[in-house]
Amino acid sequence: MHENLIGAILTPYIINRLILLFTLFMGALLLLMAALLIFYSNRQKLRTKRKQLAQMVVQKAIFYDSSADNPYGFYGYEHIRDRRFREVLVTDIISARKNLTGSAFIQLKELYERLHLEKYALRKLNSPRWHVKAQAIQELAALQLEQYVQKLSKLINHPNELVRMETQTALLQLRGFEGLEFLYQVSYPISDWQQIKLLHQLQTLPPTADTEIANWLRSENDTVCILAIRIIKQFHLFQLHDALISCLDHSSAKVRKETIIALKDIYTAETGNEMKKRYPLETPDNQLSMIQALQFIGTDDDIAFLKSNIPGASNELKIAIIRAIAAIDHIELTGFEMYEGSFDYPLPEIVRQIKEELV
Amino acid sequence: MSWIAPIIDFFTYAVLLYTAILISGYIFIGIFSVGETRRYIHKNSFTDYRLLATSTQVPSVSILAPAYNEGATIIENVRSLLSIHYNNLEVIVINDGSKDDSLEKLIKAYDLYRTEYFYNEQIATKPVRGVYRSRNKVFRKLTVVDKVNGGKADALNVGVNIARNNYTVCIDVDCVLEQDAILKLAKPFMEQTTKRVIATGGVVRIANSCEIEGGRLVKVRLPEQFLPRVQTLEYIRAFLLGRMAWSRLNGLLLISGAFGAFDREIVIKAGGYNHKTVGEDMELVVRMRRYMEEHKEPYVVSFIPDPLCWTEAPSTYKILGRQRNRWTRGTIETLRFHSVMFFNPKYGVLGMLSYPYWFFFEFLAPIVEFVGFIVFLFCCAFGLVDWTFFVSLLGFIFSFGFLYSLFAIFMEVLTYNQYNRHRDVLRLMLTAFLEPFLFHPFVVWSAIKGNIDLLRKKNSWGEMTRQGFAGAKKN
């Protein structure tokens, strides 16, 4: 081969040796992987056995006298030092816990305590691995170990999102509505997904004092404010209507949109007027939400306002406006042709569509 | 012939350098994807999807299913879509001017009537002939749109215009979705707090030989035929390694046209699907990303590794060739439309990493391979081949390719383990061994043909004849 600068350094001899070395290295890796696949497959079999054993332990704890035939009171005690068995067992306990209350839950909790699983949970809580930490939080909350509320509260602003989420969920599980006090401390945003989880947990609980919720509406964290609005909506807290109205002037368009959506359920005779006052200042998306809200809460007095906003509106907004008018007074729609400019495209088509929707 | 030696030398070292970078890229992708997959699986173990299925707070989703001459299977396929678990859902089937009796069958099966409907054309499309809804309340989620034929992109744009919900999920009507597919696909849209999620992709898997009943996947099986099986391996590699790594970098350029969710507002703002390319799925993602970059809005294109969508893969070389030819043309067209982003720091990861990667290693790779083969033949003819060097290099490339496939199989077994019989894993390994001889050269040749067809301005979609799931193996 021709001698040049690269060729002088990287001679075919060196390349060949490098390539051979890599090929051997890859062959070794290949064997290692095959061995790992076999190992993994065997581990799966062991896992199945552990799972069967764990299910038996949980069933015995729930359905049988726990202290009758075992000095430790529980079948499966001798396996508890096996970390993998503990993992499977705790998963089973948590999953059983979701469907159990009353004495069956007490039995389950007793099983958990007498197998000293709490000790392992606390060890996991100090783990640097976020998913292990989150598992421990979930475990402590599922078993209603209220003595750890203080410890868990310290994790409310943990850098890992999942740890934060599980902490918030745990606090609600342990303290009910009072657990929401974390909203005063939380500095990270609360995602929509987490809000769905929290609202789901709250739905069976009696709501907290209005003053607390009103305070959260003023939070600097926009997502806290949104959560508070959703709580008002979920629990139909009409007494907080005025506080909700003040959120129509919030600096965040997302908060304002959430307020408009909530006001569709929490409204008074004045709500429509409050919205109409702010309509010209709103973003197109929020204007659409306001019109959609007026479809449900509007009165005859709002029809003139709705009609006046048709010229210049986007087609999407026009559809919403005509739909709102039809919802308030469908007779108005029948005489809609009288409205000046109604024959301009696309209003006749929209009116025909909405008329058919009414049938 | 002294002038030949320096040229051959230059060529040899250029190819060597290219290969070294490509292999480094693959190693990086392989390693980088592991963390993302692990993170997702750990995180997912804390998710209770039942909560999402019952919540009214979930984002509203419109499924868009374009159909062209799908009369043979359309009733079953639509039934499958209507059975998906999700609260805020509408299903829009777009009959793209089918020449068969698809529309008549739908009208009859779902008791449809033509509605008065104002078609709000936010993206320009071919004319809509009619919008149909069902008289039966059971099918209230269903809307069928009949339109003049304009191709898949045009049909999807009609769907985007008609959709009433915030997110659109675009699927091929003949795909089979997992029952919880939309729940899983919708979740990333709810998780981000600081950036806007503009699109989410899910893993597409090969359904050949799987058991499918009533439009639902009943049993997963590894394809019996070689071609679908090698594509199974290819999809595992692409989705479980490639897309996960790019997702971690927030550099994904492609969400499969067979199954992906998009923020409808951004789709409309970006101009919808481009009907001037046969790679409309990739082009849309690139354009949406470009739109976000140019408007300086923080965004994410997300990807989840769960197998959510099952599709029939080509089982003959003829159909496979057409598919790969089209994919090549789609890639080149997309890269050409957005060439302004090439190494343009204004576009961040998109301009500096994703685009160049696709240019050098997706578009150029088959060309480099093909030219390399021609040069090799030339060298053989002139006795210029250093056979020791050649054999070692070939061994190296082969073993690396095999190792990479093996790593993908390993990840599959460790994570979703869809093909859980030892025999299936071994068959996948054997397939990985045979792939460089029986599959890869054909794919390279199809890509070269795609390049030639594009130069000859041939822009046909290429008919995709499918056997249908009725032919899938049943016990």
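In order, the protein sequences belong to chains A and B. Note that the first sequence covers residues 1496 to 1854 in this note's numbering. Note that the second sequence covers residues 106 to 580 in this note's numbering. Cβ atoms here follow ideal geometry from the backbone N, Cα and C, with glycine treated the same way.
Among the residues of its own chain, which have a CB less than 8 angstroms from the CB of A:Gly1793, if the five just before and after it don't count?
Against the first sequence, residue 1793 of chain A aligns to sequence position 298. Cβ neighbours of A:Gly1793 beyond the five flanking positions: Gly1767, Leu1801, Ala1819, Ala1822 and Ile1823.
Answer yes or no: do B:Leu282 and B:Ile189 have a C-beta to C-beta separation smaller than 8 angstroms?
Position 177 of the second sequence holds residue 282 of chain B. Position 84 of the second sequence holds residue 189 of chain B. Their beta carbons are under 8 angstroms apart, which means B:Leu282 touches B:Ile189 by this criterion.
Let me know the alpha helix (DSSP H) ranges lying completely inside the stretch 1707-1783 of chain A, each 4 residues or longer, listed in chain order.
1717-1729, 1736-1741, 1748-1758 and 1766-1773
Could you confirm whether any beta carbon from chain B is found closer than 8 angstroms to the beta carbon of A:Tyr1535?
Here residue 1535 of chain A refers to the residue found at position 40 of the first sequence. Yes, contact with chain B.
Which same chain residues, not among the five before or five after B:Ser314, have their C-beta less than 8 angstroms away from its C-beta?
By 1-based counting over the second sequence, the position of residue 314 of chain B is 209. Cβ neighbours of B:Ser314 beyond the five flanking positions: Arg326, Leu327, Pro328, Glu329, Gln330, Pro333, Ala577 and Lys578.
If you count every other CB in all the chains shown that lies within 10 Å of the CB of A:Thr1596, and 16 or more means buried, which is it?
Translated into the one-based positions of the first sequence, residue 1596 of chain A becomes position 101. Under this definition A:Thr1596 is an exposed residue.
For a contact defined as C-beta to C-beta under 7 angstroms, what are the partners of A:Phe1517 on chain B?
Stepping through the first sequence from its first residue, residue 1517 of chain A is reached at position 22. Residues of chain B passing the Cβ test: Phe501.
Just to make sure I have the definition right: I need the residues of chain B whose C-beta is within less than 7 angstroms of the C-beta of A:Lys1692. Which are they?
Looking up residue 1692 of chain A in the first sequence gives position 197. Ordered by position in chain B, the residues that pass the 7 angstroms Cβ test against A:Lys1692 are Leu156.
Nearest-angstrom Cβ-Cβ length linking B:Ala177 and B:Leu345, presumed shorter than 8 angstroms:
For the purposes of this step, residue 177 of chain B is taken as residue 72 along the second sequence, with counting starting at 1. For the purposes of this step, residue 345 of chain B is taken as residue 240 along the second sequence, with counting starting at 1. Incorrect: roughly 32 angstroms between the Cβ atoms, too far for contact.
B:Phe503 - containing beta strand (DSSP E), residue span:
For the purposes of this step, residue 503 of chain B is identified with residue 398 of the second sequence, where counting begins at 1. B:Phe503 -> not in any beta strand (DSSP E); alpha helix (DSSP H) instead, spanning Trp492 to Leu519.
Consult DSSP for A:Tyr1567 and reduce its assignment to one of helix, strand or coil.
To locate residue 1567 of chain A, count along the first sequence from 1; it is residue 72. Confidence at A:Tyr1567 is low in this model, with a pLDDT of 47, below 50, so its placement is unreliable and no value can be given for it.
Are the beta-carbon atoms belonging to B:Val265 and B:Thr273 less than 8 angstroms from one another?
Within the second sequence, the letter at position 160 stands for residue 265 of chain B. Within the second sequence, the letter at position 168 stands for residue 273 of chain B. Yes, they are a contact pair.
Nearest chain B C-beta to A:Glu1661 closer than 8 angstroms, yes or no?
The residue given as residue 1661 of chain A occupies position 166 in the first sequence. Yes, its Cβ sits closer than 8 angstroms to a Cβ of chain B.
Whose CA, out of A:Asp1687, A:Ile1575 and A:Pro1654, lies closest to the CA of B:Val163?
Indexing the second sequence from 1 puts residue 163 of chain B at position 58. Answer by Cα proximity: A:Asp1687.
For A:Ile1761 and A:Leu1739, which I take to be in contact (beta-carbon distance under 8 angstroms), what is that distance rounded to the nearest angstrom?
As a position in the first sequence, residue 1761 of chain A is number 266, starting the count at 1. As a position in the first sequence, residue 1739 of chain A is number 244, starting the count at 1. Yes, they are in contact, since the Cβ atoms of A:Ile1761 and A:Leu1739 sit about 6 angstroms apart, within 8 angstroms.
Inter-residue Cα distance where the pair is A:Ile1845 and A:Glu1852:
Within the first sequence, residue 1845 of chain A is the residue found at index 350, counting from 1. Within the first sequence, residue 1852 of chain A is the residue found at index 357, counting from 1. So the alpha carbons of these two residues sit roughly 11 angstroms apart.
Near B:Tyr524, which residues of its chain fall below 6 angstroms by C-beta distance, leaving aside the five closest residues on each side in sequence?
Sequence index remark: in the second sequence, residue 524 of chain B carries index 419 (1-based). Contacts found: Leu327.
State the DSSP-derived secondary structure class of A:Glu1852, mapped to helix, strand or coil.
If you number the first sequence from 1, residue 1852 of chain A lands on position 357. Three-state result, A:Glu1852: helix.
What does the Cβ neighbour count give for A:Glu1573, buried or exposed, with the cut at 16 atoms within 10 Å?
Translated into the one-based positions of the first sequence, residue 1573 of chain A becomes position 78. It counts as exposed.
Does DSSP put B:Asn270 in a helix, in a strand, or in coil?
Start at 1 with the first residue of the second sequence, and residue 270 of chain B comes out as number 165. DSSP places B:Asn270 in coil when its eight states are reduced to three.
Taking 8 angstroms as the CB-CB limit, is B:Tyr222 close to chain A?
Counting from one through the second sequence, the residue named residue 222 of chain B turns up at place 117. Judged by the 8 angstroms Cβ criterion, B:Tyr222 is in contact with chain A.
Three or more C-beta pairs under 8 angstroms: does that hold for the stretch 136-143 of chain B against the stretch 230-247 of chain B?
no
Which residues of chain B have a Cβ atom closer than 9 angstroms to the Cβ of A:Gln1633, listed in chain order?
Looking up residue 1633 of chain A in the first sequence gives position 138. Phe151, listed in chain order.
Taking the alpha helix (DSSP H) that B:Tyr218 belongs to, which residues open and close that run?
In the second sequence, residue 218 of chain B corresponds to position 113, counting from 1. It is not in any alpha helix (DSSP H) - B:Tyr218 instead sits in the beta strand (DSSP E) that spans Leu217 to Thr220.
Below 7 angstroms, is the gap between the Cβ of B:Ser314 and the nearest heavy atom of the ligand NAD?
This structure lacks the ligand NAD; in fact it carries no ligand of any kind.
In angstroms with no decimal places, state the Cα-to-Cα distance between B:Phe547 and B:Ile424.
As a first step, residue 547 of chain B is located in the second sequence; it is residue number 442 there, counting from the start. As a first step, residue 424 of chain B is located in the second sequence; it is residue number 319 there, counting from the start. So the alpha carbons of these two residues sit roughly 12 angstroms apart.
With distances taken Cα to Cα, identify the nearest neighbour of B:Gly477 among B:Leu121, B:Asp153 and B:Val391.
In the second sequence, residue 477 of chain B corresponds to position 372, counting from 1. Selected option, being the one with the closest Cα: B:Leu121.
With a 10 Å radius around its C-beta and 16 neighbouring C-beta atoms as the bar for buried, classify A:Tyr1840 as buried or exposed.
Taking the first sequence and counting its residues from 1, the one referred to as residue 1840 of chain A is at position 345. Classification of A:Tyr1840: exposed, given that the 10 Å Cβ count is below 16.
Residue ranges of each beta strand (DSSP E) within the stretch 360-414 of chain B, 3 or longer
364-368
Is the separation between the beta-carbon of A:Val1627 and that of A:Ile1651 shorter than 8 angstroms?
To locate residue 1627 of chain A, count along the first sequence from 1; it is residue 132. To locate residue 1651 of chain A, count along the first sequence from 1; it is residue 156. No, Cβ-Cβ distance for A:Val1627 and A:Ile1651 is not below 8 angstroms.
Give every residue of the same chain whose Cβ lies closer than 6 angstroms to the Cβ of A:Pro1566, excluding the five residues on either side of it in the sequence, and list them in chain order.
As a working mapping, residue 1566 of chain A is identified with position 71 in the first sequence. In this prediction, A:Pro1566 has a pLDDT of 43, which is less than 50 and means its spatial position is unreliable; nothing more can be read from the coordinates.
Could you name each continuous beta strand (DSSP E) segment of 3 residues or more that falls completely within the stretch 1627-1714 of chain A, going from the start of the chain to the end?
none
Under a three-way DSSP split, which group does B:Arg245 fall into?
Indexing the second sequence from 1 puts residue 245 of chain B at position 140. Looking at B:Arg245 - three-state DSSP - the assignment turns out to be coil, as it is neither helix nor strand.
Just checking: is the beta-carbon of A:Gln1645 within a distance shorter than 8 angstroms of some beta-carbon in chain B?
Locating residue 1645 of chain A in the first sequence gives position 150, counting from the first residue. Judged by the 8 angstroms Cβ criterion, A:Gln1645 is not in contact with chain B.
Measuring only between beta-carbons, confirm whether A:Pro1566 sits less than 8 angstroms from chain B.
Along the first sequence, read from residue 1 onward, the residue named residue 1566 of chain A stands at position 71. Its pLDDT being 43, under 50, A:Pro1566 is placed unreliably in this model, and the value from its coordinates should be taken loosely. Taking Cβ atoms only, chain B never reaches closer than 8 angstroms to A:Pro1566, which makes this a no.
Own chain, CB closer than 8 angstroms to B:Ala119, minus 5 neighbours either side, in chain order
The count along the second sequence starts at 1 and reaches residue 119 of chain B at position 14. Within the same chain, B:Ala119 has no close Cβ partners at all.
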